[in-house]
Amino acid sequence: MSQSRSQILAGIATALGRTPDDARRAAARARIAGHARNLVPARAQVDAEAQVRLFVQMALEVSATVARVPSLDAVPDAVAEYLAGHNLPAELRLAPDPALDPIPWQRRPTLTLSRGRARDADAVSLTGAFAGIAETGTLMLVSGAERPTTLNFLPDTHIVVLTAAQIVGTYEDAWDRLRAQSAAFEGGLPRTVNLITGPSRTGDIEQTIQLGAHGPRRLHIVLVEE
Amino acid sequence: MHPTSHAFPENARRALNDETLQYMLAKSRTGFQLRRAAAAQRLPEFEELRDQGKAIKDHALANLDVYLELFEAKVTEQGGHVHWCRTAEEARETILDICRNAGARTVTKGKSMIAEEIAINDHLEAAGFIPIETDLGEYIIQLRKEPPSHIIAPAFHVSKEQVADAFRAAHTDLPPERSLEEPRELITEARLMLRRRFQEADVGITGANLLIAETGSTIIVTNEGNGDLTQTLPKVHVVLASIEKVVPTLEDAATVLRLLARSATGQEFSSYTTFSTGPRRPGDLDGPEQFHVVLLDNGRSALLGTEFQEVLRCIRCGACMNHCPVYGAVGGHAYGWVYPGPIGAVLDPALIGLKEAGHLPNASTFCGRCEAVCPMRIPLPKMMRHWREKEFAEKLQPATMRRGIGAWGWLARRPALYHAAVRMAVRTLRRVGTLPLPMLQGWTEHRDLPAPEGRSFQELWAERRGGSKR
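Just so you know, the sequences run in chain order W and S.
Residue 241 in the working numbering sits at position 19 of the first sequence; the count goes up by one each step and never skips.
Residue 840 in the working numbering sits at position 324 of the second sequence; the count goes up by one each step and never skips.
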C-alpha cells in the first residue's frame, strides 16, 4: 500500500512536471492557514435582524416549519402544541445537551422526556443547533458526547431549538464560529458536522419530490428570540 | 460493471424504441433544465462563483500531490486511515480486507459513482458479504439488477409501476395485497425495509463529493439522509473517493457547494451536507469506531498535464447530461458504462480506453450546451474533439471511414482541386435533386439531403468580396 502511495504521488508530480518541494508545501499550508473567503453572495450580508428574516424565509421554502417564541421558557408550550397539532405522541428523545437544560419542561408535565442517542422506536427528537445559516435556511449541527448524530436522522420528526443569536449570514460565518471553538474539539472538527436544509426528501420515483425518504419527514425549528 | 460502450449504436437504437424509457426521458428532462435555470438566475453571483469554483479546482489540481499529503496527515491525526489505491482492483481488495477485519456480514452503501466504477457490489457478494444500496434510486436498480442511468438520479428511467413490481418481487414477507400505486407508498415501504438493514449493518460505505485538506474531512451531499445513516450506525465507515476530490479549505468547499446543488437539481442547497472527520471521539454516543478513506487513482493522475486535465474539475452534478440532446434521446444505459452523457463521453475513454468507448465522443452534435451549463466550465466539446483526433491517429475507426476522411483531408489541402470538386458536386446535386447515395445511407435514411442552392459558398464569397472592392 505504501508503494501505491509513493507511486501515485510520484505519478502526479511527474505529470505536473514538478516535485512536491518544501516551497510548494509551504505555499499550500499558507493558503490553508489563511483560509481566505472566496466570493460570498450579497444575499446574506445583511444586519442581524434581516438575517433572521432570511433564515426563516429560506427554511420555510424547503418545507421546514418555524415557531418563533420569546424565550426558552416558552419552548415547552410550543413543542407540546406542535406535537398535539400533528397528532404525534407526547414523547421526546432529547440530546443530553446542557444548552437545553434551562428549558423548564415541568411546565408541560404531560410530555415524557428521555435523553440519549436515538433508538429505533423514537418518533420525535429534540436537539439544539450550533448555528443557523441565513443564506439557505440551513442548520449546522455538530456531534459530541452531548449531541448524538443519530437524533438528527432516525426519528420521523426532528425538532431543533435555535436562538436568534445563533443565526449567521453565510456558511463561512458559521465555520468561523466553529473555528473559534476549535479548542473544545481538540483542535480539529467534531466527528460529524451536519448542514441540514429542510427535512429528508427524494425525487427518485418519477422525479416527484417526496419528504421523509430515510431521515425525518418533518423538521420543526423553534426559534428563540431572546 | 462490464462496459458495453463499443455497442453504442445498437444500444442507442434499442433505447430509441423503448417506450417506457422515452416517456421517462421526456418527463424528467425539462424539469431538470427549468430548475437549474431558475436557481442560477436567483443567485446574481452565480456566474462569478463558477469562475471561482473553476479556479479553486485548477489550483487544487496543480498542487494535487501536496494537498493529498496534507489531507492524509489530517485524517491520520484524527485517528482515521488513508488507503492509496492505484487501480480498481487495489481498491476492491482494500475494502474487502476492511470488511473481513470487521467480521462484517451486511454492508450498507450510500450512493457513489466510484463504487460503480470498481463494481464493488459484485465483489462484496462474491466474497460472501451482503451489500445493500440505501439511496432509494440505487436500491431500486440494485433490486432490478441493472446499472444506474444517470449520475444523480440513478433510477430515473424506471416508472413507478416498475418500482412496485421490483418491490413485490423482493419484499416477499410483506402482505401481497398491499397497495403500491403512489410514490408515497413506495417510499414508506423502502424506508421500512432499509431501516432493518441500517440496524444490522457492520460496515457503511459512502462516496465523497469533496475532501478537505485543511481538516481531513470528507463531504457527502444527499437529500434522503441515507448516507448519514450509512456512516453513523455501523462500527466502520469507509469513504471511497477519487484523488481529484480534494480542495484546500472549508471556504473553498463552500464555494463549490454553492454551485453543486443549483447545477444538479436546482435546489438552493441539498437537504444534507455532511462533513465527516475521523472516527467517533471519546465519549461520543454514536458514530463509527473506525474511519477509512480509500483514495482511488484509477487512471486519473495520468490525465494531469494532458489536454484532458480539466475534466478532473468535474463535481458530478449531472447538468451536462440534463442538457444534452443525445443523452435526452437515448438515456444513460446506451453509453454502456458508469458515466453517461457528455462527461462520460470525455471520461469513459480515459478510464476504460478509446477502443471500448470510442463511439461516445462521436455521439455529440457539438451543440455546446454541456459546456454552457457546466459549473466548472469544463470544455467538454473540445475534449470530445481531442478524442476524435486520437481515434483517427490510432487508426481505430473502420477502414472505409478512415479512407473517406483521408481522401477529404487530401483534397482539402489542395484548394484549387477542392474548389473544382465542390463546384462540380454542387451543380450535379442541383440537377439531380435528392438522390439515393449508397455511401450516405446512414444519413439519408432518416433525413433528406437538401439540394444545393446553385453555387458553392466559396463562389458566393469570392463574388461578394469582389463586389465590395469595386
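Backbone N, C-alpha and C define an ideal beta-carbon position, used for all residues, glycine too.
Source: prediction; values computed, not measured.
Annotation for Ala-289 of chain W: the continuous beta strand (DSSP E) segment containing it runs 287 to 291.
Take Ser-675 of chain S, set aside five residues on each side of it, and the residues of its chain with a beta-carbon closer than 6 Å to its own are Thr-536, in chain order. Arg-275 of chain W has its alpha-carbon roughly 10 Å from the corresponding atom of Ile-389 of chain W.
In the structure shown, the three-state DSSP call for Glu-526 of chain S is helix. Nothing from the segment 843 to 873 of chain S brings a Cβ to less than 9 Å from some Cβ of chain W. Taking a 10 Å sphere around the C-beta of Glu-767 of chain S, we find 16 or more other C-beta atoms and assign the residue as buried. Along the segment 654 to 688 of chain S, going in chain order, the ones with a CB nearer than 9 Å to a CB of chain W are Glu-654, Tyr-655, Ile-656, Ala-669, Pro-670, Ala-671, Phe-672, Val-674, Ser-675, Lys-676, Val-679. Assignment of beta-bridge partners to Ser-347 of chain W by DSSP yields W:Arg-315, W:His-380.
Around the Cβ of Ile-921 of chain S, a 10 Å sphere holds fewer than 16 other Cβ atoms; the residue is exposed. Its Cα nearest to that of Arg-369 of chain W, the residue W:Thr-349 stands out among W:Asp-243, W:Thr-349, W:Ala-356.
Gln-594 of chain S and Thr-236 of chain W have their C-alpha atoms roughly 30 Å apart. The beta carbon of Gln-974 of chain S is closer than 6 Å to those of His-935 in its chain, skipping five residues each way along the sequence. Segment contact: the segment 747 to 755 of chain S against the segment 710 to 730 of chain S, three or more CB-CB distances shorter than 8 Å; contact assigned.
Not a single CB atom of chain W sits nearer than 9 Å to the CB of Leu-776 of chain S.
Put simply, of S:Trp-853, S:Ala-967, S:Arg-981 the residue whose alpha carbon is nearest the alpha carbon of Phe-524 of chain S is S:Trp-853. Rounded to whole angstroms, the gap between the alpha carbons of Met-900 of chain S and Phe-791 of chain S is 35 Å.
Distances from the alpha-carbon of Glu-447 of chain W to those of W:His-380, W:Thr-241, W:Arg-247, W:Ala-386 put W:Ala-386 closest. Put simply, the backbone Cα of Leu-727 of chain S is about 9 Å away from that of Glu-760 of chain S. Cβ-Cβ distances below 7 Å link Thr-241 of chain W to Ala-235 in the same chain, with the five nearest sequence neighbours on each side left out; the list follows chain order. According to the DSSP assignment, Arg-796 of chain S belongs to no beta strand (DSSP E), since it is labelled neither H nor E. For Asn-637 of chain S, the enclosing alpha helix (DSSP H) starts and ends at 636 to 642. Across the set W:Gln-225, W:Arg-423, W:His-257, W:Glu-271, the C-alpha of W:Arg-423 shows the shortest separation from the C-alpha of Gly-653 of chain S. Listed along chain S, the residues sitting closer than 8 Å to Thr-358 of chain W by beta-carbon distance are Glu-784, Phe-785. Inclusion of Ala-671 of chain S and Ile-656 of chain S in the CB contact set at 9 Å is warranted, their separation being smaller than that value. No Cβ-Cβ contact shorter than 9 Å links Pro-298 of chain W with Arg-339 of chain W. Neighbours of Thr-789 of chain S across chain W, judged by C-beta separation under 7 Å: Leu-417. For Met-917 of chain S against Ile-831 of chain S, the beta-carbon gap comes to about 35 Å, at or over 8 Å, which does not count as contact.
Taking CB atoms only, Thr-379 of chain W has no neighbour in chain S less than 9 Å away. Under the DSSP assignment, Gln-538 of chain S falls in the alpha helix (DSSP H) whose first and last residues are 535 to 558.
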